[in-house]
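Asker:
2 protein chains.
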Amino acid sequence: MIVKHLTDVPAQEVEQGAVGVTIRWLLAEPDGAPHFAMRHFAIAPGGHTPHHTHEWEHEVFILSGSGTATGPHGDTPLEAGSVVLVEPNEEHHFTNHGAQPLTFLCLIPHRES
Amino acid sequence: MIVKHLTDVPAQEVEQGAVGVTIRWLLAEPDGAPHFAMRHFAIAPGGHTPHHTHEWEHEVFILSGSGTATGPHGDTPLEAGSVVLVEPNEEHHFTNHGAQPLTFLCLIPHRES
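The listed protein sequences derive, respectively, from chains A and B.
Counting in my numbering, the final residue of the first sequence is number 113, and the numbers go up one at a time with none missing.
Counting in my numbering, the final residue of the second sequence is number 1113, and the numbers go up one at a time with none missing.
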């Protein structure tokens, strides 16, 4: 059993098309997580993740703040307690429209490559 | 893309050795989640999950409240922002020692059977 606190994990800046976004890899392969990784994101007010697509899904849980999830069919509002499934190969990004950080968990499967 | 709120998902009572525990299956196979399921748990003050073991891991994130994670080497305190990896085949349970509900996400891989 591993127990840690999210603040034990360094926040890294996300590059590649993101604005004002940090990521903490809370649980990943180096921790012995067998199948999937838990990451914590914080988006600063006005910031957004890159608009992109990839072969793996996201399972997202909004912890605090407010914003939108943008998919192929437009924007959907997000608040604490919102849950998002981004399906494989679906274009998406997340935007903070509030005055506080938009924070969320985003889990992904381990990838072959 | 699926967007919902945790309160959209009915809370079901957990039986089989649990005391004061409810579960909401936020994202699972019926939603099209390809690899793993996101569940939300709430443990009432004084309650606990069953002490048990199984072949799959847990990835846990504490949302609110306080309590302990009990594993093979004893108890570890939990608070909002705590992260727990329960490894496959590791005995474990979670207990609420506080006055408020202990709420957390617990993700598991889809199982063969």
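Where is the CB? At the ideal position from N, CA and C, for every residue including glycine.
In chain order, what residues of the same chain have a beta carbon less than 6 Å from the beta carbon of residue 82(A), not counting five sequence neighbours either side?
Answerer: Here residue 82(A) corresponds to residue number 82 of the first sequence, with the count starting at 1. Within the same chain, residue 82(A) has close Cβ partners 62.
Asker: Under 8 Å, Cβ to Cβ, is there at least one residue of chain A near residue 1039(B)?
Answerer: In the second sequence, residue 1039(B) corresponds to position 39, counting from 1. Not closer than 8 Å to any Cβ of chain A, the Cβ of residue 1039(B) fails to qualify, so no.
Asker: Going by Cα to Cα distance, which pick from 111(A), 107(A), 35(A) and 102(A) is closest to residue 22(A)?
Answerer: Here residue 22(A) corresponds to residue number 22 of the first sequence, with the count starting at 1. The candidate whose alpha carbon is nearest that of residue 22(A) is 102(A).
Asker: What did DSSP end up calling residue 101(A) once you bin it into helix, strand or coil?
Answerer: Your numbering for residue 101(A) matches position 101 in the first sequence. The answer is coil: DSSP assigns residue 101(A) none of H, G, I, E or B.
Asker: Rounded to the nearest angstrom, what separates residue 53(A) and residue 18(A) at their Cα positions?
Answerer: Here the question's residue 53(A) lines up with position 53 in the first sequence. Here the question's residue 18(A) lines up with position 18 in the first sequence. The straight-line gap from Cα to Cα measures roughly 14 Å.
Asker: Confirm, please, whether the CB-CB distance from residue 1065(B) to residue 1090(B) is below 8 Å.
Answerer: If you number the second sequence from 1, residue 1090(B) lands on position 90. If you number the second sequence from 1, residue 1065(B) lands on position 65. No, the Cβ-Cβ distance between residue 1090(B) and residue 1065(B) is not below 8 Å.
Asker: Identify the continuous beta strand (DSSP E) that holds residue 1005(B) and give its terminal residues.
Answerer: The residue given as residue 1005(B) occupies position 5 in the second sequence. From DSSP, the beta strand (DSSP E) with residue 1005(B) extends over 1002-1005.
Asker: Rounded to whole angstroms, what's the CA-CA distance from residue 92(A) to residue 1004(B)? Just pull it up for me.
Answerer: Translated into the one-based positions of the first sequence, residue 92(A) becomes position 92. Translated into the one-based positions of the second sequence, residue 1004(B) becomes position 4. So the two alpha carbons sit approximately 16 Å from each other.
Asker: Just verifying my parser: in three-state terms, what is the DSSP assignment at residue 109(A)?
Answerer: Residue numbering aside, residue 109(A) sits at position 109 when the first sequence is read from its first letter. Strand.
Asker: Identify which residue in 56(A), 99(A), 29(A) and 45(A) has its Cα closest to the Cα of residue 1035(B).
Answerer: Locating residue 1035(B) in the second sequence gives position 35, where the first residue counts as 1. That would be 56(A), whose Cα lies nearest to the Cα of residue 1035(B).
Asker: With distance defined between alpha-carbon atoms, name the residue in 45(A), 110(A) and 109(A) nearest to residue 94(A).
Answerer: In the first sequence, the residue the question calls residue 94(A) occupies position 94. Comparing Cα positions, the closest option is 45(A).
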